[in-house]
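Presented below is the structure to which this report refers.
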Amino acid sequence: MKIAEKKALKRESIIQTALQLFSANGFHKTTIPDIAAKLHMSVGNLYNYFSSKDILAQEIIKYTSEVLGEEIRKINMQDISAREKIRGIVTVYFTMAQEKPEMIEYFLRVYLSNREVFSDGCEGMVCVSGFITEIMIFFDDAVASGELRNQDFFSAFGLFMGYLGGMVFLKGEGVLPKEIEYYIDDISRNIYNALKA
Amino acid sequence: MILQSRNKPKLLWLQSITCNGNTHSFLNHPELFSILSHFELVHHPVLESAYTLENVIKGEVPCDLLIVEGAFKEEGFLKSGVEVSSVLKKYADKAKYIISAGTCATFGGIFKENDPEEISGFCFDGEEKTPRYESYASKLISLPGCPIHPRWLSYLLLMIASGNKVPLDTLHRPVELYGYTVHTGCTRNEYFEWKIDAKQFGVKEGCLFYEQGCQGPYTRGSCNKILWNDTSSKTRVGTPCFGCTEPGFPQAGLYRTKTHMGIPATMPLGIPRRAYLTLTGVVKSFKIKRFTERLMEYDK
Ligand code: SF4
Ligand code: SF4
Chain W
550 MKIAEKKALK RESIIQTALQ LFSANGFHKT TIPDIAAKLH MSVGNLYNYF SSKDILAQEI
610 IKYTSEVLGE EIRKINMQDI SAREKIRGIV TVYFTMAQEK PEMIEYFLRV YLSNREVFSD
670 GCEGMVCVSG FITEIMIFFD DAVASGELRN QDFFSAFGLF MGYLGGMVFL KGEGVLPKEI
730 EYYIDDISRN IYNALKA
Chain D
9 MILQSRNKPK LLWLQSITCN GNTHSFLNHP ELFSILSHFE LVHHPVLESA YTLENVIKGE
69 VPCDLLIVEG AFKEEGFLKS GVEVSSVLKK YADKAKYIIS AGTCATFGGI FKENDPEEIS
129 GFCFDGEEKT PRYESYASKL ISLPGCPIHP RWLSYLLLMI ASGNKVPLDT LHRPVELYGY
189 TVHTGCTRNE YFEWKIDAKQ FGVKEGCLFY EQGCQGPYTR GSCNKILWND TSSKTRVGTP
249 CFGCTEPGFP QAGLYRTKTH MGIPATMPLG IPRRAYLTLT GVVKSFKIKR FTERLMEYDK
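Order-wise, the sequence lines are chains W and D.
Residue 550 is where the first sequence starts when you use my numbering, and the numbers rise one by one after that.
Residue 9 is where the second sequence starts when you use my numbering, and the numbers rise one by one after that.
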């Protein structure tokens, strides 16, 4: 394996581990030595990859945004109706909340609650553009095909993501009476009905 | 075709259905007569010339270079009782070059709106080729614009007069003039890059793309490179470009950029949608103080 490939793998494993620790214990309670210890590497070596905890946190949000964006991109590429795409996006989001809960947790509990960490270098949509771009493309196609109503981007985006985020939050708090998949159909229909032309 | 002064190419300017805009635009050229001195003007609708319209209609006029202005209809558009299309055919067959001057002559333009089925440009109907295209493609040069810039026409005439080859694109437009967009050279480019919109017409600050309907990023033309009256352009004074050089002109809603949930329905020329949206999403996140301020304080 080439050195560059090795470094890339190491980098990704740091991101994965830090992601889990940040999501589970919170941003402030997790230290760089904690992360290094879990990876069996020295603190000094970890700093070779990420020069500060803030920068590591920013790289994680970029990484999760890319992973989620990539899933939505696959849906965008399919030749299906906007209604079916909404169902696809809801499913992807909830599946991720089940299988990789740390990713969604990170977004809700680290990214949204520690804005000062992300203010310099992750302004506005800079670090989440991988995900936002795919949502934009979904909306653009759906309005162009006449299926969804044309409106301001943020009123549609807020409705869509606010709803999904809210459900995952309820799940995280342990107050949802059923497994999250149970709600996919109803939620997809609600979103579609709210946004349709 | 190198030309002796005694053997100047014979220039015939014919009009079909037109508002005269291209003729008038050309009359504003500061070196009009010096340009025309390279040609023998056999007939022009408003300039003094050797042959009358009557001679033209009878088919008696020599013609090396035919400039056509105005939109076409195969039947039903008469001049002095004769179908314009038949007069044009006569000279188009003879000519060594045919220049379609203006968007009407090139693609159909404004007049096409009246009867989109019947009215078209001389060799193009919007972007589609008309049956006439096959016969004339080898000598056709398109100069769309509503109206054309006088210097675009003079560039072409002088290139022809001096025997130069004029490189053309697939719609037969000279690439030297139409190879870049109106967006090139616009003084508002920095605002476009950072997605700062002008909130009203006529101000110096802000880009006119999102809120005023500017078509500059997808309109081919040199309006911001070869300035109008050697001084200015629409976008420089704070009016959006209407895309008057394009086959789809005039679009409905000239002061509006069509958007889908705030996303432009048409991307700037050649830019992939995903890349554009990624970049705009990122740049919109920045608040740059310099761009929120007036360039000049008038009220001091
Ligand atoms: S005003 Fe029009 S041409 Fe100028 S930068 Fe904006 S979009 Fe481009
Ligand atoms: S700025 Fe646009 S609308 Fe105005 S003349 Fe140029 S191409 Fe035509």
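Think of the CB as a built atom: it goes at the ideal place given N, C-alpha and C, for glycine as much as any other residue.
- Contact between glycine 224 of chain D and histidine 191 of chain D holds: their C-beta atoms lie close to 4 Å from each other, under 8 Å.
- Relative to the Cα of asparagine 663 of chain W, the nearest Cα in the group W:Lys602, W:Ile635, W:Asp689, W:Gly721 belongs to W:Lys602.
- In the three-state reduction of the DSSP assignment, glutamate 48 of chain D falls in the strand class.
- If you draw a 10 Å sphere on the C-beta of alanine 283 of chain D, you find fewer than 16 other C-beta atoms in it, and that means exposed.
- Approximately 15 Å separates the beta-carbon atoms of phenylalanine 680 of chain W and glycine 637 of chain W; this is outside 8 Å, ruling out the contact.
- Per the DSSP secondary-structure output, cysteine 222 of chain D pairs with nothing in a beta bridge.
- Looking at the DSSP output, phenylalanine 132 of chain D shares a beta bridge with D:Lys137.
- Serine 293 of chain D and glutamate 672 of chain W have their C-alpha atoms some 6 Å from each other.
- Interface with chain W (8 Å Cβ-Cβ cutoff): valine 290 of chain D is included.
- The shortest CA-to-CA distance from lysine 203 of chain D to any of D:Leu287, D:His51, D:Pro155 is the one to D:Leu287.
- For phenylalanine 702 of chain W, same chain residues with a beta-carbon under 8 Å away, outside a window of 5 residues either side, are Met685, Phe688 in chain order.
- Contact between glutamine 569 of chain W and glutamate 651 of chain W holds: CB atoms are separated by about 5 Å, below the 8 Å threshold.
- The alpha-carbon of tryptophan 160 of chain D is positioned some 13 Å away from that of arginine 228 of chain D.
- Taking the Cα of glutamate 730 of chain W as reference, the smallest distance to any Cα among W:Tyr642, W:Gln565, W:Glu554, W:Lys623 is reached at W:Tyr642.
- For serine 108 of chain D, the uninterrupted beta strand (DSSP E) segment begins and ends at 105-109.
- A Cβ-Cβ distance of about 5 Å is found for the pair alanine 705 of chain W and methionine 269 of chain D, placing them in contact under the 8 Å criterion.
- Under DSSP, lysine 745 of chain W takes part in a beta bridge, and its partners are W:Leu697.
- Interface criterion not met: the Cβ of arginine 264 of chain D is under 8 Å from no Cβ in chain W.
- Distances taken from the Cβ of threonine 288 of chain D to the heavy atoms of ligand 2 include none shorter than 7 Å.
- An exposed status is given to asparagine 574 of chain W, since fewer than 16 other beta-carbon atoms sit within 10 Å of its beta-carbon.
- Residue D:Cys249 holds the alpha-carbon nearest to the alpha-carbon of leucine 262 of chain D among D:Gly214, D:Pro255, D:Cys249.
- At least one C-beta of chain D is nearer than 8 Å to the C-beta of isoleucine 681 of chain W.
- No heavy atom of ligand 1 is found nearer than 7 Å to the CB of valine 211 of chain D.
- The beta carbon of isoleucine 686 of chain W sits closer than 8 Å to some beta carbon of chain D.
- Distances from the CA of isoleucine 736 of chain W to each of W:Leu719, W:Asn597, W:Lys556, W:Ile635 were compared; the closest alpha carbon is that of W:Ile635.
- Interface flag for asparagine 699 of chain W against chain D is set, since a Cβ pair is found closer than 8 Å.
- For the segment 270-301 of chain D, the set of positions with a beta-carbon nearer than 7 Å to some beta-carbon of chain W reads Gly270, Ile271, Ala273, Arg281, Arg282, Leu285, Thr286, Gly289, Val290, Lys292, Ser293, Phe294 in chain order.
- Following the DSSP letters along the chain, one finds glutamine 647 of chain W inside the alpha helix (DSSP H) bounded by residues 631-648.
- Looking only at W:Ala746, W:Ala631, W:Asp583, the smallest Cα-Cα distance to glutamine 700 of chain W is reached by W:Ala746.
- Per DSSP, lysine 18 of chain D is one residue of the beta strand (DSSP E) stretching across 18-23.
- From the beta-carbon of valine 692 of chain W, the residues of chain D found nearer than 9 Å are Thr267, His268, Met269, Ile271, Ala273.
- Judged by beta-carbon spacing, isoleucine 168 of chain D lies beyond the 8 Å limit of alanine 109 of chain D, meaning their Cβ atoms are not closer than that value.
- In this structure, the C-beta of histidine 157 of chain D stays at least 7 Å away from each heavy atom of ligand 1.
- Short note on cysteine 112 of chain D: C-beta not closer than 7 Å to any heavy atom of ligand 2.
- Not one beta carbon of chain D lies nearer than 8 Å to the beta carbon of alanine 557 of chain W.
- Contact of glycine 673 of chain W with chain D is assigned, a C-beta pair being separated by under 8 Å.
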